[in-house]
Amino acid sequence: MLTKEFIGLVSNESGLSKKETEHLLTTMNAIVRENLMDGKAIQLQGLGAFEIKERKERVIVHPRTGERSVVPSKNQLVFRPVATIKDELNKI
Amino acid sequence: MAEKLSWTELRRALAKRAGVSEKTAGAFLNAVQAQLLEALKTDKQVKINGLGTFKVQAVAPRKSVNVTTGEEILIEGYNKLAFTPEAGVRELVESSKVESEESNVESSPAIDPIQKLGAQAEEIVDILGDLGQSPKEEPVAEPEPVVEEPKPVIEEPAPEPEPVFIPEPTPVVEPEPEIIVQRPKEEKKKSHFWRDTLICVIILLLLLAGGYFFLRQELSDIIRSFMAPAETEEVIVGEPVLMVEEPAVVEEPAAEEPAAESAPAAESAETAKIPKGKIPQEQILAEFLAASGETVTGTAEYPNLITVEAMHEGSRLTWMSKRFYGKKVYWPYLYDANRDVIDNPNNIDTGTPLRVPKLTKAQMDTTSTAFLQLKQEAEAACKR
Chain W
673 MLTKEFIGLV SNESGLSKKE TEHLLTTMNA IVRENLMDGK AIQLQGLGAF
723 EIKERKERVI VHPRTGERSV VPSKNQLVFR PVATIKDELN KI
Chain G
6 MAEKLSWTEL RRALAKRAGV SEKTAGAFLN AVQAQLLEAL KTDKQVKING
56 LGTFKVQAVA PRKSVNVTTG EEILIEGYNK LAFTPEAGVR ELVESSKVES
106 EESNVESSPA IDPIQKLGAQ AEEIVDILGD LGQSPKEEPV AEPEPVVEEP
156 KPVIEEPAPE PEPVFIPEPT PVVEPEPEII VQRPKEEKKK SHFWRDTLIC
206 VIILLLLLAG GYFFLRQELS DIIRSFMAPA ETEEVIVGEP VLMVEEPAVV
256 EEPAAEEPAA ESAPAAESAE TAKIPKGKIP QEQILAEFLA ASGETVTGTA
306 EYPNLITVEA MHEGSRLTWM SKRFYGKKVY WPYLYDANRD VIDNPNNIDT
356 GTPLRVPKLT KAQMDTTSTA FLQLKQEAEA ACKR
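Line by line, the protein sequences are chains W and G.
Sequential numbering of the first sequence, starting at 673, is according to the numbering used here.
Sequential numbering of the second sequence, starting at 6, is according to the numbering used here.
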């Protein structure tokens, strides 16, 4: 499902206009991004949490040359679903 | 992740930013939550621009073993919710080096790479020891500056430590085993290259030699045909004339059977029919007869001759046919006209004088029964 369809569904549910819904969604995304940049996790009720996880640097070996190099550490955006969602999805 | 933006905080921030009441924002967020779940159930995948894609992934059931009893158990399959961040968001997050985070986490990963690199250095020293070298001084000296560095590193911003100590051990210790490994590879490649080129050149030379050997005769034939273009033209031009001059067309099918007799009959026929031939032919014929000292003339079946030619080395009836008639298929006529001298068409003595008869239009027809029969006879002769 694409964003447009999703906006339609949400506006139906909330009674807001599509334009408003779109505006709110983009704002929400912006807030989520900014908070992630600030190192904060974001909890979405009933869905899960967006978190930043650090991947530690690790040593890799080039299979042909045997050269060793270090992959620098980096941050990764992870989504951790809440426990209830698993049961919900298994009902499908 | 100490801090977490809670649901209420998000609602408040959203209301403030979007300029709507908290109630509206709450309604929106609730709708998002409910609809996201619904959409996932129906579509299994929801894309939200500016964030990423939520996807329901099925995990297949798998077998496992109960650790305590050793029993085999089946872990049932289930659906899980996966989230893939948008490329832009992912890069944003990757590039974000959060200070508060990093400084906390710093202490542990800062030690890890040093330990790993230390272990690496030891391994490499072992390898070098095996190779009969003794660069022990280097790695011994190495760890000291490496260990010293992290102290300022902790106070410094995060990205610095990596570039500081990663490049150091690698260039010092690693290049040596590398060089040892790479040299034989290059030599091998070089020798392969020369061997391959040599083989290519030899094959090319063989092909050229073979091509020359086989083409030599054909080339000489072609050159000859160019030297005497008038004769070949005559075949085509002369045909209608032939038909008027002589009843060859009528004779042809009838004369097929007594073909074997044509040799003895030839002598009687030749005297009558030679005069009818054209002057250049007669000249050539006369020259040839004078040269070879033999009597070769037209036969009853093929009264008119284009020429008489001595079989030259390496030539074939098919090539001669191609040269005189333009097609290889007419070679049986060459055989038929020279039955007296040809035993096996594939094995004709060099220098054998061969009659090259003019062909009538009817004879040119390769589908006629007469021709097919003649062809069969000629092919049978090849097997003698």
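The beta carbon of each residue, even a glycine, is placed where N, CA and C say it ideally should be.
Quick caveat: nothing in here was measured; it's all calculated off a predicted structure.
Contact under 9 Å by Cβ, residue i with residue j
i: G711(W); j: E8(G); result: yes
i: L97(G); j: M709(W); result: yes
i: R17(G); j: A702(W); result: no
i: A87(G); j: F751(W); result: yes
i: M700(W); j: L10(G); result: no
i: Q50(G); j: K85(G); result: no
i: L322(G); j: P350(G); result: yes
i: K746(W); j: E99(G); result: yes
i: V37(G); j: L716(W); result: yes
i: A386(G); j: I347(G); result: yes
i: L377(G); j: M316(G); result: no
i: G57(G); j: L749(W); result: yes
i: D201(G); j: R328(G); result: no
i: V682(W); j: T698(W); result: no
Interface residues of chain W facing residue i [CB-CB closer than 8 Å]
i: K85(G); result: P753, K758, L761
i: A390(G); result: This structure gives no information on residue 390(G), because the portion of chain G shown stretches from 6 to 389.
Chain G residues whose Cβ lies nearer than 7 Å to that of residue i
i: H695(W); result: A23
i: K712(W); result: E8, K9, L10
Distance, residue j Cα to residue i Cα
i: K728(W); j: V742(W); result: 10 Å
i: V704(W); j: S101(G); result: 14 Å
i: G82(G); j: L719(W); result: 21 Å
i: R389(G); j: L379(G); result: 16 Å
i: S686(W); j: W12(G); result: 17 Å
i: G93(G); j: N54(G); result: 10 Å
i: A713(W); j: R736(W); result: 41 Å
i: L339(G); j: T312(G); result: 12 Å
i: R95(G); j: K52(G); result: 15 Å
i: A30(G); j: A126(G); result: 58 Å
i: L696(W); j: V754(W); result: 23 Å
i: E77(G); j: L674(W); result: 43 Å
i: E706(W); j: L15(G); result: 12 Å
i: Q40(G); j: A65(G); result: 26 Å
i: D370(G); j: W324(G); result: 19 Å
i: K60(G); j: E91(G); result: 13 Å
i: A217(G); j: I208(G); result: According to the sequence as given, residue 217(G) is Tyr; it is not Ala. Each residue's Cα considered, the two are about 14 Å apart.
i: I462(G); j: G331(G); result: Outside the modelled stretch of chain G, which goes from 6 to 389, sits residue 462(G), for which no answer is possible.
i: T374(G); j: L213(G); result: 42 Å
i: R67(G); j: I80(G); result: 5 Å
Counted within 10 angstroms of its Cβ, other Cβ atoms place residue i as buried (16 or more) or exposed
i: A342(G); result: buried
i: S320(G); result: buried
i: E314(G); result: buried
i: L224(G); result: exposed
i: C205(G); result: exposed
i: P308(G); result: buried
i: E384(G); result: exposed
i: Q381(G); result: exposed
i: L211(G); result: exposed
i: G356(G); result: exposed
i: A32(G); result: buried
i: V130(G); result: buried
i: T47(G); result: exposed
i: W336(G); result: buried
i: T73(G); result: exposed
Partners in chain W for residue i, counting only beta-carbon separations shorter than 7 Å
i: G55(G); result: T698, N701
i: A39(G); result: E685
i: V64(G); result: Within chain W, no residue comes near V64(G); the closest Cβ sits about 10 Å away, beyond 7 Å.
i: L15(G); result: I703, I714
heavy atom of the ligand NAD below 8 Å from residue i C-beta
i: M316(G); result: Absence of the ligand NAD from the depicted structure is noted, as is the absence of any ligand whatsoever, leaving it without description.
Closer than 9 Å at the beta carbon, the chain W residues around residue i
i: R95(G); result: Q748, L749
i: S101(G); result: L708, M709, D710, G711, I724, N747
is_contact[residue i, chain G] using C-beta, thresh 9 Å
i: I724(W); result: yes
i: V682(W); result: yes
Any chain W beta carbon closer than 9 Å to residue i
i: A18(G); result: yes
i: Q397(G); result: Nothing in the structure corresponds to residue 397(G), since chain G is present only between 6 and 389.
i: K52(G); result: yes
i: P90(G); result: yes
i: D48(G); result: yes
i: L136(G); result: no
i: N71(G); result: no
i: E77(G); result: no
i: L42(G); result: yes
i: N133(G); result: The displayed chain sequence assigns Leu, not Asn, to residue 133(G). Not an interface residue.
i: V130(G); result: no
i: L34(G); result: yes
i: V98(G); result: yes
i: L210(G); result: no
Chain B residues whose Cβ lies nearer than 9 Å to that of residue i
i: S689(W); result: Absent from the structure is chain B; the protein chains it does hold are W and G.
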